[in-house]
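Participant:
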Amino acid sequence: GEKVEQHESTLSVREGDSAVINCTYTDTASSYFPWYKQEAGKSLHFVIDIRSNVDRKQSQRLIVLLDKKAKRFSLHITATQPEDSAIYFCAASMISSGQKLVFGQGTILKVYL
Amino acid sequence: GGIITQTPKFLIGQEGQKLTLKCQQNFNHDTMYWYRQDSGKGLRLIYYSITENDLQKGDLSEGYDASREKKSSFSLTVTSAQKNEMAVFLCASSIWGYEQYFGPGTRLTVL
Numbered sequence: 185g186e187k188v189e190q191h192e193s194t195l196s197v198r199e200g201d202s203a204v205i206n207c208t209y210t211d212t213a214s215s216y217f218p219w220y221k222q223e224a225g226k227s228l229h230f231v232i233d234i235r236s237n238v239d240r241k242q243s244q245r246l247i248v249l250l251d252k253k254a255k256r257f258s259l260h261i262t263a264t265q266p267e268d269s270a271i272y273f274c275a276a277s278m279i280s281s282g283q284k285l286v287f288g289q290g291t292i293l294k295v296y297l
Numbered sequence: 027g028g029i030i031t032q033t034p035k036f037l038i039g040q041e042g043q044k045l046t047l048k049c050q051q052n053f054n055h056d057t058m059y060w061y062r063q064d065s066g067k068g069l070r071l072i073y074y075s076i077t078e079n080d081l082q083k084g085d086l087s088e089g090y091d092a093s094r095e096k097k098s099s100f101s102l103t104v105t106s107a108q109k110n111e112m113a114v115f116l117c118a119s120s121i122w123g124y125e126q127y128f129g130p131g132t133r134l135t136v137l
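If you're matching them up, the sequences are chains A and B in order.
Note that the numbering used here has the first sequence beginning at 185, numbered continuously upward.
Note that the numbering used here has the second sequence beginning at 27, numbered continuously upward.
1. Between the beta-carbon of residue 131/B and the beta-carbon of residue 118/B, is there less than 8 Å?
2. What residues from chain A crowd round residue 125/B, counting only those whose CB sits closer than 8 Å?
3. With DSSP as the reference, identify every bridge partner of residue 81/B, one or two as the case may be.
4. Run through the region 215–283 of chain A for me and flag every whole alpha helix (DSSP H) of 4 or more residues, listed as ranges in chain order.
5. Can residue 44/B and residue 105/B be called in contact, C-beta distance under 8 Å?
6. Looking at chain A, which residues of the region 67–98 of chain B have a Cβ within less than 9 Å of any of its Cβ atoms?
7. Between which residues of its own chain and residue 202/A is the CB-CB distance below 8 Å, once the five residues before and five after are set aside?
8. Quick one: Cα of residue 204/A to Cα of residue 65/B, how far?
9. Report yes or no: do three or more beta-carbon pairs, one from the region 221–233 of chain A and one from the region 264–276 of chain A, lie closer than 8 Å?
10. So residue 48/B is in the beta strand (DSSP E); what residue range does that whole segment cover?
11. Mind checking the region 254–273 of chain A against chain B and listing, in chain order, the residues whose C-beta falls within less than 7 Å of any C-beta there?
12. Residue 289/A lies in the beta strand (DSSP E); which residues open and close that run?
13. Who are the Cβ neighbours of residue 113/B in its own chain at under 7 Å, not counting the five residues just before and after it?
14. Of all Cβ atoms in chain A, is any one closer than 8 Å to the Cβ of residue 53/B?
15. Could you say if the region 71–90 of chain B and the region 54–61 of chain B meet the contact criterion of at least three C-beta pairs nearer than 8 Å?
16. Quick one: measure Cβ to Cβ for residue 289/A and residue 84/B, integer angstroms, because I've assumed they're closer than 8 Å.
17. Unbroken beta strand (DSSP E) runs of length 3 or more, entirely within the region 103–136 of chain B: which are they?
18. Hey, is residue 116/B's beta-carbon within less than 8 Å of any beta-carbon in chain A?
19. What span of residues does the beta strand (DSSP E) with residue 96/B cover, start to end?
20. Check residue 40/B in the structure and name its three-state DSSP category.
21. Identify the contact partners of residue 131/B in chain A, using a Cβ-Cβ distance below 8 Å as the criterion.
22. Any chance the region 32–49 of chain B sits against the region 204–220 of chain A, with 3 or more Cβ pairs inside 8 Å?
23. Out of 254/A, 232/A, 295/A, 186/A, point me to the one whose CA is closest to residue 71/B's CA.
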């Protein structure tokens with residue numbers, strides 16, 4: 185079955201710099217790639233997603249890139265702020281399995297002053 | 027907007043006990059999910075339900091049962107709690123093919 189690997193377990197960046205979190209997946213049939221954020225003591229909430237018909241998507245300071253050939257996707261957070269500090273999870277699913285997501289292990293992002 | 031409610035917030039059980047976790051959503055979403063989150067790991071899918079009266083096993087279904095009583099509610103049962111087990115169980119709902127909305131979680135501790 186699908187496996188999603190999240191490459192950075194922790195990431196520390198200075199406020200104002202960019203942060204990049206990388207994920208790889210194994211199943212070429214995967215076509216939907218969402219990202220979720222989990223702040224300390226809270227549940228997950230959706231931040232951005234990308235589908236396989238595009239290779240880039242931006243929502244304000246968040247950019248998601250998808251490289252289908254390399255089976256890799258990444259989340260770029262530009263102009264980081266302290267409130268970006270959280271655990272970020274990437275996930276993947278196939279259209280045929282709808283929203284049966286396989287999650288990465290999570291990346292702890294710390295934004296310091 | 028909508029909300030997902032999970033009860034109880036904290037659940038303490040004894041080894042071998044059957045424990046039930048409940049989830050309610052008022053988004054009017056067709057699809058609901060149960061995930062388990064262990065410390066330092068990603069989420070793993072236990073069960074999901076595409077519509078009312080549907081039940082599908084996830085990758086971690088062994089040791090669990092689930093029930094979709096109606097469109098707005100989805101229950102998970104730990105059939106026999108394992109000693110020293112500690113995890114957070116997260117319920118989610120979505121429109122099929124779109125982002126999932128997560129509840130606040132139930133934190134399970136087994137003594």
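Cβ coordinates follow ideal geometry from the N, Cα and C atoms, glycine included.
Facilitator: Put simply:
1. Looking up residue 131/B in the second sequence gives position 105. Looking up residue 118/B in the second sequence gives position 92. In terms of Cβ geometry, residue 131/B and residue 118/B do not form a close pair [threshold 8 Å].
2. Position 99 of the second sequence, counted from the start, is the residue given in the question as residue 125/B. Here the neighbours are 218, 230, 233.
3. Counted from its first residue, the second sequence places residue 81/B at position 55. For residue 81/B, which the question treats as bridged, DSSP gives no partner whatsoever.
4. The alpha helix (DSSP H) runs of length 4 or more contained entirely in the region 215–283 of chain A do not exist; there are none.
5. Taking the first residue of the second sequence as position 1, residue 44/B is located at position 18. Taking the first residue of the second sequence as position 1, residue 105/B is located at position 79. Less than 8 Å separates the beta-carbon of residue 44/B from that of residue 105/B.
6. Flagged, chain order: 67, 68, 69, 70, 71, 74, 76, 82, 84, 85.
7. Against the first sequence, residue 202/A aligns to sequence position 18. Once the five neighbours on either side are set aside, the close Cβ partners of residue 202/A are 260, 261, 262, 263, 264.
8. Walking along the first sequence from the start, residue 204/A turns up at place 20. Walking along the second sequence from the start, residue 65/B turns up at place 39. Straight-line spacing of the CA atoms in residue 204/A and residue 65/B works out to 23 Å.
9. As far as the Cβ criterion goes, the region 221–233 of chain A touches the region 264–276 of chain A, which means the pair count is three or higher.
10. Here the question's residue 48/B lines up with position 22 in the second sequence. Its beta strand (DSSP E) spans residues 45–51.
11. Only those residues of the region 254–273 of chain A whose C-beta falls short of 7 Å from the nearest C-beta of chain B are listed: 273.
12. Position 105 of the first sequence, counting from 1, holds the residue named residue 289/A. Counting along the chain, residue 289/A falls outside any beta strand (DSSP E), and DSSP gives it neither H nor E.
13. By one-based count along the second sequence, residue 113/B stands at place 87. So the qualifying residues of the chain are 62, 63, 64, 134.
14. Indexing the second sequence from 1 puts residue 53/B at position 27. No - not a single Cβ of chain A is within 8 Å of the one on residue 53/B.
15. Touching, per the Cβ criterion.
16. Here residue 289/A corresponds to residue number 105 of the first sequence, with the count starting at 1. Here residue 84/B corresponds to residue number 58 of the second sequence, with the count starting at 1. For residue 289/A against residue 84/B, the beta-carbon gap comes to about 17 Å, at or over 8 Å, which does not count as contact.
17. For the region 103–136 of chain B, whole beta strand (DSSP E) runs of length 3 or above, ordered along the chain, are 112–120, 132–136.
18. Within the second sequence, the letter at position 90 stands for residue 116/B. With 8 Å as the cut-off, residue 116/B counts as an interface residue toward chain A.
19. Walking along the second sequence from the start, residue 96/B turns up at place 70. Segment 90–96, the beta strand (DSSP E) holding residue 96/B.
20. In the second sequence, the residue the question calls residue 40/B occupies position 14. In the three-state scheme derived from DSSP, where H, G and I count as helix and E and B as strand, residue 40/B is classed as coil.
21. Position 105 of the second sequence, counting from 1, holds the residue named residue 131/B. Taking the beta carbon of residue 131/B as reference, the chain A residues within 8 Å of it are 227, listed in sequence order.
22. As far as the Cβ criterion goes, the region 32–49 of chain B does not touch the region 204–220 of chain A, which means the pair count is below three.
23. On the second sequence, position 45 is the one that residue 71/B refers to. Taking residue 71/B as reference, the option from 254/A, 232/A, 295/A, 186/A with the minimal CA-CA separation is 186/A.
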